[in-house]
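Student:
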Amino acid sequence: MAEKSKRAQFVTRTGVIAATVGSAVGLGNIWRFPYEAGMQGGGAFLLMYVLCVVVVGLPVMLAEFAIGRGTHRCGAGAIESLAPGSWFKVAPYIGIVASLMILSFYSVVVGWILEYLYQSVVQLFDPAPVGDYSARFGALVANPWRTVGWTLVFLAMNYAVIARGVEKGIERMSKILMPLLLVILIVFCVNSLLMPGAGEGLAFLFNPDFTKVTPSMVIGAMGQAFFSLSLGMSCMLTYASYFNDKMRLMGNAVTIAGLDTLIAVLACVIIFPAVFSYGMTPEAGPKLVFEILPAIFGRMTGGPLWAVFFFVLLFFAAITSTISVTEISTAFFTEQWRMRRKGASALTIAIAAVFGVPCALSFGVLGDFTIFGMTVFDLFDYVSSNLLLPIGGILLSVFAGWVVDRKFLQGQLMANHDCPRWVVTVLRIAMRWVAPACIIVIFIYGLM
Ligand code: PHE
4 MAEKSKRAQF VTRTGVIAAT VGSAVGLGNI WRFPYEAGMQ GGGAFLLMYV LCVVVVGLPV
64 MLAEFAIGRG THRCGAGAIE SLAPGSWFKV APYIGIVASL MILSFYSVVV GWILEYLYQS
124 VVQLFDPAPV GDYSARFGAL VANPWRTVGW TLVFLAMNYA VIARGVEKGI ERMSKILMPL
184 LLVILIVFCV NSLLMPGAGE GLAFLFNPDF TKVTPSMVIG AMGQAFFSLS LGMSCMLTYA
244 SYFNDKMRLM GNAVTIAGLD TLIAVLACVI IFPAVFSYGM TPEAGPKLVF EILPAIFGRM
304 TGGPLWAVFF FVLLFFAAIT STISVTEIST AFFTEQWRMR RKGASALTIA IAAVFGVPCA
364 LSFGVLGDFT IFGMTVFDLF DYVSSNLLLP IGGILLSVFA GWVVDRKFLQ GQLMANHDCP
424 RWVVTVLRIA MRWVAPACII VIFIYGLM
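Residue numbers (this note's numbering): 4 to 451.
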């Protein structure tokens, strides 16, 4: 018990919402979602994505919330305390592997953002024409020093924040910056909607073409749902372990999923009209957003200033996500290996730095080095989101639905009059049957 009362807690409800939304909203919404949707048929992908969020995402999120808040322990500790000796303890280990992979490739993308931010600041003072966007991005990612350098700079920043502890670092930053991000996204949406290709962009996004529904697309949509909602790796579980007993789990889960999806859709409303207006193709992959954004800024009055604003906010959206990713293994190392917090976060960052380097080089020097036909970057991205997170999700959902005592789950979900009993019954069925079955069916369908 002594350990329990020593644990940090989020102090306010807005702090909780801000931190969990901060974890969910990040490059997953603004970089990964548009590029996945672009490659996989636009509207049909969006539709599949929303289905995955509702049918699989929400039950898994509530499973994680209930386990975390009910035990106030990190992933492995929580499972051990609810079912001693149970092999479900592998779930948090899968989560730790996934989190280290995600931290590695994610930091590379944040590195690109830092470079773009730097270039936008330079442009503020020296407004030279930007030139060919694709060539510009190609030159950046092929430059080993810059990409590796920025990746490491970012990891160091991440360390500086997380080593200071949960509450101060995370809560304060995300409370102010997330609403600002929403505002700037809306401004950019209006700008994009005034472009000549707006109609075509919106049609691509909102008119589903069902011939595009393929096995790999459905796996992609599910992986994206897990990635974007920060699920399947005990991240939301670990955050929920910092919730106090007054927080309403159901209300928070719906708010997070809603805001997260809204921001992903807004990002697409910004990107696709521009893609069609500038005659670019939506299938460009991870570089899509980075090639389109400069074109968008180039068209706006005061473009470089908007760019600086935008990249600063995107940077903060990203760092609130990476902080939560870092927190998973940091909490594990401190609670299970009894490391000090500083040492634990340093270890996490060091591992991510080692793997971050080959990810950063994947678009240049290591561009031809492929495993299963994928570069290190693509492999980390694919394996973590499309395989490890859904597998972790099945385990956590089955654990909450089958292993955990029904009263425990009810107590957590119904606390503070959050939802009536029938909702808990529906959710429990979703955790026991629907979510795991959907994930398994999608896997089998995808492997066929
Ligand atoms: N959800 C975050 C994003 O969309 C990324 C993330 C994945 C964070 C998994 C934590 C855990 O950017």
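Glycine included, each C-beta is placed from N, C-alpha and C at the ideal position.
(1) Any residue with its Cβ nearer than 6 Å to a heavy atom of the ligand PHE should be included. What is that list in chain order?
(2) How long is the line joining the alpha carbons of Ile225 and Asp212, rounded to whole angstroms?
(3) Just to confirm the assignment, what range does the alpha helix (DSSP H) spanning Lys345 have?
(4) For Met377, which residues of its own chain have a beta-carbon under 7 Å away from its beta-carbon, when the five flanking residues on both sides are left out?
(5) In this structure, what does DSSP give as the bridge partners for Met377?
(6) Should Leu180 and Phe336 be called a contact, given that it needs their Cβ atoms to be closer than 8 Å?
(7) With DSSP collapsed to three states, give me the class of Lys249.
(8) Taking only the alpha-carbon atoms, compute the straight-line gap between Trp340 and Leu103 and give it to the nearest angstrom.
(9) Do you know offhand how far Ala277's Cα is from Gly288's?
(10) Leaving aside the five residues before and after Val24 along the sequence, list all residues of the same chain whose C-beta is less than 8 Å from its C-beta, in chain order.
(11) Is DSSP giving Glu170 helix, strand or coil here?
(12) In three-state DSSP terms, what is Leu369?
(13) Excluding five sequence neighbours on each side, which residues of the same chain lie with their C-beta closer than 7 Å to the C-beta of Pro361?
(14) Whose CA, out of Met239, Ala440, Glu83 and Arg76, lies closest to the CA of Asp27?
(15) Buried or exposed for Arg409, please, with buried defined as at least 16 other CB atoms from any protein chain shown within 10 angstroms of its CB.
(16) Sorted by chain position, which residues of the same chain lie with C-beta nearer than 7 Å to Phe209's C-beta, five sequence neighbours on each side aside?
(17) Measure the alpha-carbon distance for Trp405 versus Trp436 and round it to whole angstroms.
(18) Cβ of Ser348 less than 8 Å from any chain B Cβ?
(19) Can you tell which of Ile33, Val190 and Thr74 has the C-alpha that lies nearest to the C-alpha of Leu246?
(20) Using the three-state DSSP reduction, which class does Val24 fall into: helix, strand or coil?
(21) On the three-state DSSP scale, how would you describe Met198?
(22) Using the Cβ count rule (16 or more neighbours within 10 Å means buried), how would you classify Ser219?
(23) Ala5: buried (16+ other C-beta within 10 angstroms of its C-beta) or exposed?
(24) State buried or exposed for Arg35, treating a residue as buried only when at least 16 other CB atoms are found within 10 Å of its CB.
(25) For the putative contact between Leu61 and Ala256, defined by C-beta atoms under 8 Å, what is the C-beta separation to the nearest angstrom?
(26) What are the uninterrupted segments assigned as alpha helix (DSSP H) that are 4 or more residues long and contained completely in the segment 89-167, given in chain order?
(27) Go ahead and label Phe128 buried or exposed: buried means 16 or more other beta carbons lie within 10 angstroms of its beta carbon, across all protein chains shown.
(28) Suppose you measure from the CA of Ile443 to the CA of Leu308; what does that come to, to the nearest Å?
(29) Going by DSSP, what residue range makes up the alpha helix (DSSP H) through Val216?
(30) Under 7 Å: does the beta carbon of Met303 sit that close to some heavy atom of the ligand SAM?
Tutor: The relevant details are as follows:
(1) Ordered along the chain, the selected set is Ser26, Ala27, Gly29, Leu30, Gly31, Asn32, Ile105, Phe230, Ser231, Ser233, Met236, Cys238, Ser324, Ser327 and Val328.
(2) Note on identity: in this sequence residue 225 is Met, with Ile being the wrong assignment. Approximately 18 Å between the Cα atoms of the pair.
(3) From DSSP, the alpha helix (DSSP H) with Lys345 extends over Arg344 to Ala363.
(4) Excluding residues within five positions, the ones whose Cβ falls inside 7 Å are Tyr385.
(5) Looking at the DSSP assignment, Met377 forms a beta bridge with Ile374.
(6) Using a Cβ distance threshold of 8 Å, Leu180 and Phe336 do not count as a contacting pair.
(7) The answer is coil: DSSP assigns Lys249 none of H, G, I, E or B.
(8) For Trp340 and Leu103, the distance between alpha carbons rounds to 17 Å.
(9) Each residue's alpha carbon lies about 15 Å from the other.
(10) Non-local C-beta neighbours of Val24 in its own chain, meaning closer than 8 Å and more than five positions away in sequence, comprise Ser177, Met181, Thr258, Ile259, Leu262 and Asp263, ordered along the chain.
(11) Below a pLDDT of 50, predicted positions are generally treated as unreliable, and Glu170, at 47, falls in that range; the measurement from the model is reported next regardless. Helix at Glu170.
(12) In this structure, Leu369 counts as coil in the three-state DSSP scheme.
(13) Only Leu369 and Val379 meet the Cβ criterion.
(14) One point to set straight first is that residue 27 is Ala, not Asp, in the sequence displayed. Looking at the Cα atoms, Met239 is the closest of the given residues.
(15) Answer is exposed; the Cβ neighbour count stays below 16.
(16) Same-chain partners within the cutoff: Gly46.
(17) Cα to Cα, Trp405 sits roughly 10 Å from Trp436.
(18) Looking at the structure shown, chain B is missing, and only one protein chain is on hand.
(19) Sequence check: residue 246 is Phe here, not Leu. Nearest option by C-alpha distance: Thr74.
(20) The answer is helix: DSSP assigns Val24 an H, G or I state.
(21) Met198: coil per DSSP, three-state reduction.
(22) With a 10 Å radius around the Cβ and a threshold of 16 neighbouring Cβ atoms, Ser219 comes out exposed.
(23) In this predicted model, Ala5 has a pLDDT of only 36, less than 50, meaning its place in the structure is not dependable; the value taken from the coordinates is given anyway. So Ala5 counts as exposed.
(24) By the neighbour-count rule (16 or more Cβ atoms within 10 Å), Arg35 is buried.
(25) About 6 Å separates the beta carbons of Leu61 and Ala256, which is inside the 8 Å limit, making them a contact pair.
(26) Runs found: 93-128, 136-145 and 147-165.
(27) When all chains shown are included, Phe128 counts as exposed.
(28) If I take the Cα positions, the gap works out to 47 Å.
(29) For Val216, no alpha helix (DSSP H) run applies, since DSSP gives it neither H nor E.
(30) Absence of the ligand SAM from the depicted structure is noted, with the ligand PHE being the only ligands included.
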